[in-house]
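Asker:
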Amino acid sequence: MDRYAIFLILSLLLLLPPASALDTAVPAVRARGSQTYSPLSVWDMGFTGRGVGVAIIDGGVDDEHPDLKGRFVAGVDLTVPDTPLTPRDGSLNPDDNGGHGTFCAGCIMGNGNSSDGRIMGVAPEATLIDVKVYRALEAGRLAENIVMPAPDRLIEALQWIVDHKGKFNIRVVSISLSVGVPNSNGTDRLSQVVNEVVGAGIVVVVASGNEGPDNRGFNPPAAADGAIVVGAVDDKGTVLREDDTIADFSSRGPRASDGDADPFDEFKPDCVAPGVEITSLANSFSSLPAAGYSTASGTSFAAPMVAGIVALMIEANPSLTPQQVKEILHMTAEPRGTPYDPDLPYPHNKWNPEYGYGIVDAYEAVRMALALRGDSLPAPHLNEIPSPDDDGNFTLTWSSVPGAESYVLLESDDPTFSHYTAHDHLTETFYPVVGLSPGSYYFGVVARGGGTFSNMSNTVSVVVTGGGEPPPPLPTPRFEARELSVEEGENYTVSWSPVEGASTYILQEATASDFSDSKDLYRGGKTTYHITGRPPGDY
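Take a look at the structure:
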């Protein structure tokens, strides 16, 4: 059998303590909640990839890592023969002597056990199907190249996944390997098999490669028409997306033309995600520092983040097809760079060779997935502000939405809402604004209920010219009980004294005594609030 060099899509290994870790990257794609984007994140909606099977085709996964506890449901080792000791029925649990597969798994489904919940994957309750296709030459580090029979073994792996998709609920495949024909136009055998897997109803997410701006195209399986191909951005170690730039090493498009009637299947990469100095899981063979974590860069680690986002989308709407998933990612990605051809129809007028259709946005992708499910909440209508241009004190009101449990009011000085302040857990349909300084302000409101959000309402703007003078302070309300002690999961009610002249009370919760991490639990006219489902801790 011919042997090919297979290169892991890995730019460089940085043996550093956690820097731009998953605790930055996962909130940056708006999967995990953060001070910057909450409550407009997928985890705030209640989706964590629960029960969605993700197959990782790699060098094995060390599922004994504490951060992968309970994730493994099936595995196969295609580097050894099918024998009673190494069966291929899914019952074998492969090891990982190189670390690459374990690192990728952490990006998808790490649960944060070794970091007190700080470093977690995009979909921490997705399930792992471990499909091992190579053995690393050098144990204990992320080996940068290995030799294996390929692309035949990847074809074998993909066929195994299709054969077992129903048994293990395999909905997503994550591949951070590049093999076979360089600069393929997608007609090679491996790319065609990828298309067959997609046709069988399984989403295939592939790393674009690390050839940078000098890229001459894409190697299989990234050349496949049906694959979702992912490049990398540098998130600069911040959750804020505005400073993200394309990673120097991320392979650029387009793909070589296959000469067919589809003018857009050459538009690769499809999207980009954080892939620079990512901190994820180190396997048990590793001597890497930082208590079970290591740091590395490459499109290898951007792709599994998108695979995790796909798991979130499928949990939200299990009826999604791979084509719908791809189209949603195209439409909801945040566009960057100069469009390749701005005269093309939407969303193809967004695409460019560096960023693809843009930086992936998990929150918007899941919202669109829910909209296709057909049971999303209607958007509220935000009423115009009376006397908007005299001072900074006014009351916003909006229409009630059937099925809404609460509302989120967004406030920004940017009409595009690229950044905003979120006033969350509003149970009434009004909000008093006081003391705004001179300037232009924009408001929108979102309904929340049943684990989902509505689209944002119409935007209402106000120009404050005189500067707001807040009204005289009201007396301070007092809690009826200063301290409470309850068991884990026990529900309880807090109540406080009414204040004469008050129309609205604001109840805040924090875990820090100085309220540095506070969030609004309630705004409204009642003097009681029922609290449920708190984990152990001081509040």
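Using numbering that gives the first Met the number 0, you'd call the opening residue of the sequence shown number 0 and step up by one each time. Idealized CB from N, CA, C, for every residue including glycine. In this text the structure is predicted, and so the values were computed from the model without any measurement.
Give the straight-line distance between the Cα atoms of Ser411 and Pro377, rounded to the nearest whole angstrom.
Answerer: 22 Å
Asker: Under 8 Å, do Val193 and Leu127 count as touching if we go by C-beta distance?
Answerer: Cβ atoms of Val193 and Leu127: not closer than 8 Å.
Asker: Check whether the stretch 175 to 183 touches the stretch 219 to 230, taking contact to mean three or more Cβ pairs, one atom from each stretch, closer than 8 Å.
Answerer: yes
Asker: Tell me whether Asp57 sits in a helix, a strand or coil according to DSSP, three-state version.
Answerer: strand
Asker: Tell me, which residues are paired with Gly355 by DSSP?
Answerer: Asn351
Asker: Is it right to say Tyr538 is buried, meaning 16 or more other beta carbons lie within 10 angstroms of its own, or is it exposed?
Answerer: exposed
Asker: Counting C-beta neighbours from all protein chains within 10 Å, is the total for Asn182 16 or more, i.e. buried, or is it exposed?
Answerer: Label assigned to Asn182: exposed.
Asker: Grab me the residues of Ile154's own chain with a C-beta within less than 8 Å of its C-beta, minus the 5 sequence neighbours each way, in chain order.
Answerer: Arg188, Leu189 and Val192
Asker: Less than 8 Å between the C-beta atoms of His422 and Val407, yes or no?
Answerer: yes
Asker: Answer with buried or exposed for Val462, where buried requires no fewer than 16 other C-beta atoms within 10 angstroms of its C-beta.
Answerer: exposed
Asker: Grab the span of the alpha helix (DSSP H) containing Arg49 for me, first residue to last.
Answerer: Here Arg49 belongs to no alpha helix (DSSP H), and DSSP marks it neither H nor E.
Asker: Please list the terminal residues of the continuous alpha helix (DSSP H) segment that includes Phe167.
Answerer: Asp151 to Phe167
Asker: Give me whichever residues DSSP pairs with Trp495 in a beta bridge.
Answerer: Phe478
Asker: Return helix, strand or coil for Thr23, following the three-state DSSP convention.
Answerer: helix
Asker: Expressed to the nearest angstrom, what Euclidean distance is found between the alpha-carbon atoms of Ile107 and Gly100?
Answerer: Straight-line Cα distance between these residues: approximately 11 Å.
Asker: Starting from Ser439, follow its DSSP beta bridges and name the residues at the other end.
Answerer: Under the DSSP definition of a beta bridge, Ser439 partners with Val462.
Asker: Looking only at C-alpha atoms, which of Ala511, Lys68, Lys349 and Glu241 sits nearest to Ser417?
Answerer: Scanning Ala511, Lys68, Lys349 and Glu241 for the CA closest to the CA of Ser417 turns up Glu241.
Asker: Measure the Cβ-Cβ separation of Thr298 and Ile118 and say whether it is below 8 Å.
Answerer: no
Asker: Residues in its own chain within less than 8 Å of Leu520 by CB, not counting five upstream and five downstream?
Answerer: His424, Leu506, Gln507, Glu508, Tyr528 and Ile530
Asker: Assuming Val171 contacts Val130 under a Cβ cut-off of 8 Å, what Cβ separation, rounded to an integer in Å, is found between them?
Answerer: Rounded to whole angstroms, the Cβ separation of Val171 and Val130 is 12 Å, and the two are not in contact under 8 Å.
Asker: Could you give the distance in angstroms between the alpha-carbon of Thr396 and the alpha-carbon of Phe429?
Answerer: 4 Å
Asker: Work out the CA separation of Phe452 and Leu473 for me, nearest whole Å.
Answerer: 34 Å
Asker: State buried or exposed for Asp413, treating a residue as buried only when at least 16 other CB atoms are found within 10 Å of its CB.
Answerer: Asp413 is exposed by the Cβ-count criterion.
Asker: In angstroms with no decimal places, state the Cα-to-Cα distance between Ile384 and Asp22.
Answerer: 39 Å
Asker: Shortest alpha-carbon distance to Pro102 belongs to which of Phe300, Glu499, Phe514 and Val459?
Answerer: Note on residue identity: the sequence assigns Phe, not Pro, to residue 102. It is Phe300 whose Cα lies nearest to the Cα of Phe102.
Asker: Going by C-alpha to C-alpha distance, which of Thr475, Thr510 and Lys518 sits closest to Gly500?
Answerer: Thr475
Asker: Please check the pair Val324 and Val202, which I expect to be a contact at CB under 8 Å, by giving their CB distance rounded to whole angstroms.
Answerer: 5 Å
Asker: For Pro65, which of Ser113, Tyr504, Pro93 and Ala226 has the nearest alpha-carbon?
Answerer: Ser113
Asker: CA-CA distance, Gly199 and Asn382?
Answerer: Note that residue 199 is Ala in the sequence shown here, rather than Gly. Distance between the alpha carbons of Ala199 and Asn382: 48 Å.
Asker: May I have the straight-line CA-CA distance separating Pro379 from Val444, to the nearest angstrom?
Answerer: 7 Å
Asker: Can you have a look at Lys68 and say buried or exposed, based on whether 16 or more other CB atoms are within 10 angstroms of its CB?
Answerer: exposed
Asker: If distances are taken between C-alpha atoms only, which option among Thr510, Gly391, Asp62 and Pro431 comes closest to Tyr440?
Answerer: Gly391
Asker: Using DSSP's beta-bridge definition, name the partner residues of Ile128.
Answerer: Paired residues: Ala54 and Ala73.
Asker: Going by beta-carbon coordinates alone, are Val238 and Val271 separated by less than 8 Å?
Answerer: no
Asker: For the structure I just gave you, are there three or more beta carbon pairs, one from the stretch 21 to 38 and one from the stretch 303 to 315, closer than 8 Å?
Answerer: yes
Asker: Let's test the definition: count the other Cβ atoms within 10 Å of the Cβ of Pro317 and tell me whether it reaches 16, buried, or not, exposed.
Answerer: By the neighbour-count definition (other C-beta atoms within 10 Å, threshold 16), Pro317 is an exposed residue.
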